[in-house]
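Okay, structure first, notes after.
There are 2 protein chains.
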Amino acid sequence: MQISPLLENLIESLRVLPGVGPKSAQRMAYHLLQRNRAGGINLAKAVEEAMTHIDHCELCRTFTEEKVCNICKNPRRQANGQLCVVETPADIQAVEQTGQFSGRYFVLMGHLSPLDGIGPREIGLDVLQQRLESESFYEIILATNPTIEGDATANYIAEMCLPYNIKVTRIAHGIPVGGELEMVDGTTLSHSFVGRRDLNL
Amino acid sequence: MQISPLLENLIESLRVLPGVGPKSAQRMAYHLLQRNRAGGINLAKAVEEAMTHIDHCELCRTFTEEKVCNICKNPRRQANGQLCVVETPADIQAVEQTGQFSGRYFVLMGHLSPLDGIGPREIGLDVLQQRLESESFYEIILATNPTIEGDATANYIAEMCLPYNIKVTRIAHGIPVGGELEMVDGTTLSHSFVGRRDLNL
Ligand SMILES: [Zn+2]
Ligand SMILES: [Zn+2]
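First to last, the sequence lines map onto chains A and L. Going by our numbering, the first sequence opens with residue 1, and the numbers climb by one from there. Going by our numbering, the second sequence opens with residue 202, and the numbers climb by one from there.
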């Protein structure tokens, strides 16, 4: 006997969230209904607006509701000739918090993974190539995760940079192998920037 | 530097969900944006509709978008003179799944907790009293959690039933002390119904 179709639907819908199983979806639904309807209404609006208006920055591919994000638009950032290539928008957050970097970013939204059908186009390397053609960067800092896939992706991009005579570096020092960039503390991440090494082939 | 106010707002809003800290809120937001925008739109709609339209059943207090819920409206359920008192709507779900009970429910939406200012009115005992006055029940089954508060609440209701000469029972067998009703497996919960004991004072 279904008591409340709207409640069933709410519980079911909450399961699109990663890590949310049937029991926690139920707990979340009851919590919103019983303790925080205003928070629930806010949440609904925030999700709807984000899903509808957030797209990718045309230059760096990070999530933004503008055509070009605030970092790419910033003249001080543009004057700095460094481009930091990261896997995810969360990695930008992590690098920004170190205060060590004042260049711009390029977000792959993943890494190369040929077995899953994720090739250069899927991680936006055609867009990156266009930028290498049209802009003059002093240095490309490859800040993909220190995993097998992240390393392979970094190497692929390093080769891609060869014709352009740009300094290519790979962040290195301090990040535990197999770890994820966004989980690393700020100090470690700072070190990995300072200790970056040449990848010019 | 805030890159996307809508994204920041989404991450912040997700934290109204119980058990969701800043890191998992961020993971959820990126997941929706990158992998499941349709699921996100659905979620937004489901939350909005649930928050707006779900209220409490006038008779049993469970969550429903109707004035009176499907169980309270059911003539077969009405013909059965048993009323099962539970703490939460999730407990109804759990009892229904045992298939052992075909009466109606009364949902306290909590338990007595004088120190937190939760007295008889806050758990709807005035509504229950009115039902005891106006309907004739054969039996009140007290299925509050087997915790100190659940036991105290059960005893309070048992005393409340004294003037009405109704059989009052307390589910007992099989539920681990200190446990929560909705976490118990169906067999254990069935046993606790079969093994219920008189609480008539
Ligand atoms: Zn950008
Ligand atoms: Zn009802």
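Heads up, the beta-carbon is just placed ideally off N, CA and C, and yes, glycines get one too.
Check                                                                                                                                                                                          : Outcome
Contact defined as beta carbons within less than 8 Å: I believe L/V287 pairs with L/V308. What is the distance between those atoms, to the nearest angstrom?                                   : 6 Å
Could you pull the start and end residues of the alpha helix (DSSP H) that L/Q331 belongs to?                                                                                                  : L326 to S335
Should the segment 72 to 80 of chain A be called in touch with the segment 250 to 260 of chain L, which here means at least 3 C-beta pairs below 8 Å?                                          : no
Nearest chain A C-beta to L/E336 closer than 8 Å, yes or no?                                                                                                                                   : no
Please list the residues of the segment 24 to 43 of chain A that have a C-beta atom closer than 9 Å to any C-beta atom in chain L, keeping them in chain order.                                : S24, Q26, R27, M28, A29, Y30, H31, L32, L33, Q34, R35, N36, R37, A38, G39, G40, I41, N42 and L43
With a 10 Å radius around its C-beta and 16 neighbouring C-beta atoms as the bar for buried, classify L/L316 as buried or exposed.                                                             : exposed
Got a sec: is the Cβ-Cβ distance from A/N165 to anything in chain L below 8 Å?                                                                                                                 : no
Under 7 Å: does the beta carbon of L/C285 sit that close to some heavy atom of ligand 2?                                                                                                       : no
Using the three-state DSSP reduction, which class does L/E249 fall into: helix, strand or coil?                                                                                                : helix
What in chain A is Cβ-close to L/F264, meaning under 7 Å?                                                                                                                                      : S4, L7 and L33
Starting from the C-beta of L/Q294, find all residues in its chain whose C-beta is less than 8 Å away, skip the five residues before and the five after it, and write them out in chain order. : E383
Using a cut-off of 8 Å between C-beta atoms, extract the partners of L/C270 located in chain A.                                                                                                : I3 and S4
When we look at the beta-carbon of A/I148 and count the other beta-carbons within 10 Å, is it buried (16 or more) or exposed?                                                                  : exposed
Does any residue of chain L have a CB that is nearer than 8 Å to the CB of A/T147?                                                                                                             : no
Do A/T52 and ligand 2 come close, with the Cβ less than 7 Å from some heavy atom?                                                                                                              : no
Please confirm whether L/A355 has its beta-carbon closer than 8 Å to some beta-carbon of chain A.                                                                                              : no
Quick check on this structure: which residue in L/D292, L/I342 and L/A245 has the alpha carbon closest to the alpha carbon of L/G380?                                                          : L/D292
Going by the beta-carbon positions, is the gap between A/T98 and A/G186 smaller than 8 Å?                                                                                                      : yes
Are the CB atoms of A/I54 and A/T62 within a distance shorter than 8 Å?                                                                                                                        : no
If you draw a straight line from the alpha carbon of L/L244 to that of A/S13, how long is it in whole angstroms?                                                                               : 5 Å
Figure out for me which residue from L/R332, L/P219, L/Q331 and L/L313 has the closest Cα to the Cα of L/E323.                                                                                 : L/L313
Name, please, each residue of chain L whose Cβ falls closer than 7 Å to the Cβ of A/E87.                                                                                                       : Here the premise fails: no neighbours, minimum Cβ distance about 11 Å.
So, for L/A353: in the same chain, excluding its five sequence neighbours on each side, which residues have a beta-carbon less than 7 Å away from its beta-carbon?                             : L313
I want to check one thing, is the minimum distance from the CB of A/I71 to the heavy atoms of ligand 1 below 7 Å?                                                                              : yes
Would you say A/L189 faces chain B, with C-beta separation under 8 Å as the test?                                                                                                              : Absent from the structure is chain B; the protein chains it does hold are A and L.
Given 7 Å as the limit, tell me if A/C161 has its C-beta closer than that to any heavy atom belonging to ligand 1.                                                                             : no
Flag this pair as yes or no: are the beta carbons of L/I367 and L/F338 separated by less than 8 Å?                                                                                             : yes
Is it true that the CB of L/E250 sits closer than 8 Å to the CB of A/L6?                                                                                                                       : yes
Could you list the residues in the segment 98 to 132 of chain A with a C-beta less than 9 Å from some C-beta on chain L, going in chain order?                                                 : M109 and G110
Can you tell me which of the three DSSP states A/F193 falls into?                                                                                                                              : helix
If you follow the beta strand (DSSP E) that L/E340 is part of, which residue opens it and which one closes it?                                                                                 : E340 to L343
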